[in-house]
Amino acid sequence: MITKKVILTGNFGVGKTSLFNRFVHNRFDDKYLTTIGVKVNKKVMEINGEGLSILLWDIAGEVTQDKVPVSYFLGAAGIIYVFDLSRPLTYANIGKDLEHLKEMLPDSVIRIVGNKKDLLSAEELEQSLKEFPFDCDITTSAKTGESVEDLFTKLGEALLERV
Amino acid sequence: MSLRNADISGNQPVSLNREPDPAKEQILLSKLREILLKDDRGNIADIQDLISDQEKFSEVVSPIVEFHIETMKRKFPKEYKREVETIIERKIKASQDDLMNVVYPVMGKMVRKYVTMQLATIRENVDKRVSSFFSFKGIFGRLRSVIFGVKESDIALGDLEKAIIEEIYVVQRDSGVLLGHYSPTEMLDRDMVAGMLTAIKSFVEDAFRREQQDLEMIEYGMHKIYIQSFPLYYVSVVLSGPLSEKEKVGLSSRVLDFAEKEMNRFTAKDFEYWDESEISEKLVEHFGED
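If you read the protein sequences in the order shown, they are chains Z and L.
Under numbering that gives the first Met the number 0, the first residue of the first sequence carries the number 0, and numbering increases by one thereafter.
Under numbering that gives the first Met the number 0, the first residue of the second sequence carries the number 0, and numbering increases by one thereafter.
Written out as C-alpha cells, the structure is:
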C-alpha cells in the first residue's frame, strides 16, 4: 500500500483540527498537539480500487511562523491549506504562505480549503469566495462533515496520479 | 578598345572572340582531368584496397590511434580537469542524499570501531596502571571502591539484566512513513507511532537547532527508544531493561550492519512506492533472535 504524508496547515482557529478529527476517527490524544505543535494520524482509503494510507500531520501555528519546525513540513506529498470562509483575516497572508510552501515542497499537491461554510448563507458564501484572492479548491464544514470526505478523496486521487 | 584588328595583309579584320564549342570543351576537360587526376585515381584505388583489407588497414591505423590515445591519456588530466571536476561536482550535488546513504553506514561503522578500540586500549592501560600501582594510596582507593564502589555492582547487575529489543522501526526521515518494522507483539498502529516519533524527533532537533546532530535516545520509565539516523531514513529500536554503554555500542554496530547490508541499495525514489514487508522480513533476519 502507498503511504503519503499530508499536512494540514493554515491560520489559528480555521478548523484544521476539526477537519482532522472529522476525517480520522482513530485518534491520538490532543495533548500531543499542544506539547510539540503537531498531531499525526492515519487514514486508510480506497481510491479506484487502490489502497492509500494518508499520514495526516495537523500542524499548529502559521506557515511562515518561525516557531513551527520546518521539518514538520518536509517530506509531505500533499498540503491542505485551510482558511475560514467567515473571517477574511485568516487568508490575509495566503499569498506569502503558498509561496513559502511551494518553495519548501515544490512537488507536492496543494489544496486550498475554505472551511466553516455552515456559518454562511449561500449569498454570503458566494460573496466570500468572490473576495478570496485565489481559487478555492473546495469549501467544507468540519462541523456538519460536508465535503470533508470529498476533499480527501480528491486529494488522494491527485496523490495516486503522481506515483 | 576594339577587339577587331587589321590583318597584316590588309584583309578584312578577323574576330578573336570565337564562339565556344561545348562538345570540344567537354572533350578537352575530360582529357585534362585524366592527365591531372591519374595519380589521384591510383591513390584512391590503393586506399579502397587498404580499407577492404582489415589486416592492412589495422597495421596502418593502429599506430596512429595508439599515438592519439597515449597523447590523450597524457593530456587528459590537464586539458579536461576542469570539465570533469564540474561534472562530478554537479553529479554529487544532484545525488547527495543517495551518496550519503551509501557512505554513512560505512563511515559510522569505522568511527564506532575506532572509538571502541580506543576505549578498550584506555581501559587496558588503566588496568595495567592500577595493578602495577600497588601503593598505599592505591590500596586505599581500591578499598574505597570495594566498600562504596558502584561500578562493580553495576557490572554485576549488568551481567544479570540485559536490554531486550521490543520493537524496531525503519522510518523515512522527513515524511515519517514507516518503511519496515519488527515487533513480536501486537501494538498500537505502527504507522501512527512512526509518524509521531518523527514529529518528536523533528521537534527536538529543531528546538535545539544543533546542526548535523540527531536525537539519539528517548527514555520513559524502564523503556528506551534508541534512534540511529541516516540521510534518507532512521532506525528506531524500542528497548526494555537497562542499556549499558557497551550494549549501546553493540546495538549501534548491529543497526549499522543492517543499514549497510539491507538499506544501502535504496534511493529516495524507491521509497515513493514502498512495500514494507521486504524490510520487515530483513529486520526479523537481523534482530529476530533477540
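Backbone N, C-alpha and C fix where the C-beta goes; we use that ideal spot for every residue, glycine too.
Just confirm the distance between the C-beta atoms of residue 232/L and residue 178/L, as a whole number of angstroms; I'd bet it's less than 8 Å. 6 Å
Sequence-distant residues of the same chain with beta carbon closer than 6 Å to residue 109/Z, five excluded per side: 78
Check whether the stretch 183-192 of chain L touches the stretch 68-81 of chain L, taking contact to mean three or more Cβ pairs, one atom from each stretch, closer than 8 Å. no
Measuring only the C-alpha atoms, how far is residue 2/Z from residue 118/L? 43 Å
Range of the contiguous alpha helix (DSSP H) that encloses residue 80/L: 53-93
Do residue 135/Z and residue 113/Z come within 8 Å of each other at the CB atom, strictly closer than that value? yes
Who are the neighbours of residue 128/Z on chain L, taking C-beta pairs under 7 Å? The contacting residues do not exist; residue 128/Z stays about 32 Å from chain L at best.
Contact list for residue 265/L against chain Z, beta-carbon separation under 8 Å: Correct list: empty, because the minimum Cβ distance to chain Z is about 15 Å.
Contact check, residue 94/Z vs residue 58/Z, beta carbons under 8 Å: no
Please classify residue 162/Z as buried or exposed, where buried requires at least 16 other C-beta atoms within 10 Å of its C-beta. exposed
Supposed close pair residue 81/Z, residue 144/Z - CB separation, criterion 8 Å: Not confirmed; about 15 Å, so no contact.
Since residue 173/L contacts residue 60/Z with CB under 8 Å, what's their CB separation in whole angstroms? With a Cβ gap of about 18 Å, residue 173/L and residue 60/Z do not count as contacting.
Quick check: the Cα distance between residue 101/Z and residue 107/Z, rounded to an integer number of angstroms? 8 Å
Taking C-beta to C-beta, are residue 44/Z and residue 152/Z nearer than 8 Å? yes
Whole-number beta carbon distance between residue 108/L and residue 252/L, since they are thought to touch under 8 Å: 7 Å
Looking at chain Z, is there any beta carbon in it that lies within less than 8 Å of the beta carbon of residue 174/L? yes
Can you pull the DSSP bridge partners for residue 180/L? 168/L
Given a threshold of 16 other Cβ atoms within 10 Å of its Cβ, counted over all protein chains shown, does residue 50/L qualify as buried or as exposed? exposed
Roughly how many whole angstroms lie between the Cα atoms of residue 105/L and residue 111/Z? 44 Å
Quick check on this structure: which residue in 132/Z, 83/Z and 19/Z has the alpha carbon closest to the alpha carbon of residue 53/Z? 19/Z
What would DSSP say about residue 47/L, mapped onto helix, strand or coil? helix
Kindly list, in the order they appear in chain Z, the residues whose Cβ is closer than 7 Å to that of residue 191/L. 27, 39, 40 and 41
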